[in-house]
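Residue numbers (the numbering used here): 4 to 102.
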């Protein structure tokens, strides 16, 4: 069974970044850091092709969310359709389901 390898510490990561920018080979970096070459390789490749944010893009901004919250607080017992109508009048283009 394969176990999880220990991550590099913050100090080891900064040393790795610095030496990698200087163009040192991974073997040399691994010896300086005190870990295996494969750990250094995985860390460098992980930094190069880091993932962006996951999931669907937001269709409303935090400002839009606050405006909807303000509308709902004003009249909490209105229907969703009324909230949606008021929200679109405020200039937010979002579907009724989003509202």
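The beta carbon of each residue, even a glycine, is placed where N, CA and C say it ideally should be.
Keep in mind it's a predicted model, so treat the numbers as computed, not measured.
> Can you list, in chain order, the stretches of the beta strand (DSSP E) that have 3 or more residues and sit fully within the segment 40-77?
Replying inline: List check, beta strand (DSSP E) in window: nothing returned.
>> Give me the residue from 71, 74, 10 with the minimum Cα distance to residue 45.
In response: Ranking 71, 74, 10 by Cα distance to residue 45 puts 10 first.
> Is residue 15 near residue 29, with beta carbons less than 7 Å apart?
Replying inline: Contact: no.
> With distances taken from CA atoms, which of 94, 98, 93, 17 is nearest residue 50?
Replying inline: Closest option to residue 50, Cα to Cα, is 17.
> For residue 67, which option in 98, 37, 81 has the closest C-alpha, if you only look at C-alpha atoms?
Replying inline: Measuring from the Cα of residue 67, the nearest candidate turns out to be 98.
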